[in-house]
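Heads up, the sequence shown is in the UniProt record's numbering, so the first residue is 1 and it goes up one at a time.
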Amino acid sequence: MNYVGPHPKDIRRIIIVASLIILVIYVCWIVSIFGNIAIYGDKNSFAEVLKSLNSEDSVTQLIYILKANIQSSEVITLIYTFITISVTTAFITLSLALKDLILDRFKMNNISTLSKNILLSFLLFMLPIILNYYFKKLFLIALSVVGLFSLIMLVSCPLNMVRILRNRNFEIIYKSMKNSKLNNFALAIAIIIIIFQIIDYIL
Numbered sequence: 001m002n003y004v005g006p007h008p009k010d011i012r013r014i015i016i017v018a019s020l021i022i023l024v025i026y027v028c029w030i031v032s033i034f035g036n037i038a039i040y041g042d043k044n045s046f047a048e049v050l051k052s053l054n055s056e057d058s059v060t061q062l063i064y065i066l067k068a069n070i071q072s073s074e075v076i077t078l079i080y081t082f083i084t085i086s087v088t089t090a091f092i093t094l095s096l097a098l099k100d101l102i103l104d105r106f107k108m109n110n111i112s113t114l115s116k117n118i119l120l121s122f123l124l125f126m127l128p129i130i131l132n133y134y135f136k137k138l139f140l141i142a143l144s145v146v147g148l149f150s151l152i153m154l155v156s157c158p159l160n161m162v163r164i165l166r167n168r169n170f171e172i173i174y175k176s177m178k179n180s181k182l183n184n185f186a187l188a189i190a191i192i193i194i195i196f197q198i199i200d201y202i203l
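Pasting the structure below:
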């Protein structure tokens with residue numbers, strides 16, 4: 001909304017194009033991995049690697065197994081580049097996604113632009129880097145529950161906000177948001193999934 005305005009066609013086009021790009025990259029990644037690593041067989045197969053995997057070394061093990069199966073320094077360099085870009089863009093994207101939430105929650109719109117930018121830079125970029133540097137296990141714990149928080153922040157909260165706006169008779173310009181039954185159904189499904197994920201984490 002802040003970037004393209006209330007234009008449903010532009011927003012729909014952005015979502016479709018971005019989703020297709022991500023899908024193509026993901027499919028290429030999966031094909032390249034399963035095309036170079038045997039499912040069963042020698043010590044470098046998936047079956048053998050998965051026996052020793054844990055949450056702390058999965059990426060390292062994957063890189064090791066790719067190195068053992070791919071005898072090409074150029075391909076390994078591309079893999080490192082891909083992983084670096086993926087982690088960096090994910091970090092930046094998530095930080096920017098939280099910007100408006102932090103601005104509204106802590107009422108930063110009332111402070112000067114310079115102070116706001118400095119405080120946002122610290123909260124969105126510097127603080128996560130510092131925490132990850134000194135508390136590496138904290139980052140791994142966060143990764144283990146990132147799906148749950150993403151579901152809450154990116155699905156449940158927007159659907160609930162639409163429900164509240166509809167109940168307060170705000171003008172809604174998007175057709176998908178006007179369908180109260182569909183939105184309530186999606187919100188109910190999201191809540192059920194959240195409950196099951198919490199139960200899974202507890203057990």
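For every residue, glycine included, the Cβ atom is placed at its ideal position computed from N, Cα and C.
In the assembly as shown, alanine 190 is a buried residue. Its beta-carbon has 16 or more other beta-carbons within 10 Å. Closest by C-alpha distance to phenylalanine 185, out of Leu159, Ser115 and Tyr134, is Leu159. The shortest C-alpha to C-alpha distance from proline 8 to any of Lys175, Ser156 and Leu138 is the one to Lys175.
In the three-state reduction of the DSSP assignment, asparagine 132 falls in the helix class.
Between the beta-carbon of leucine 103 and that of asparagine 110 there is about 10 Å, and that puts the pair past the 8 Å contact cut. Judged by DSSP secondary structure, lysine 9 falls within the alpha helix (DSSP H) whose first and last residues are 8-34. Closest in alpha carbon position to isoleucine 79, among Trp29, Phe46, Leu148 and Ser19, is Trp29. A Cβ-Cβ separation of about 7 Å places leucine 187 in contact with serine 156 under the 8 Å criterion. Under the three-state reduction of DSSP, glutamine 197 is assigned to helix. Between isoleucine 14 and lysine 136, the alpha-carbon positions lie close to 35 Å from each other.
Contact between leucine 120 and lysine 107 does not hold, since the beta-carbon distance rounds to 13 Å and is not under 8 Å. Of the residues assessed, valine 162 falls on the buried side of the cut-off, its CB having 16 or more other CB atoms within 10 angstroms.
Contact check for glutamine 197 against leucine 154 fails: the beta carbons are separated by 8 Å or more.
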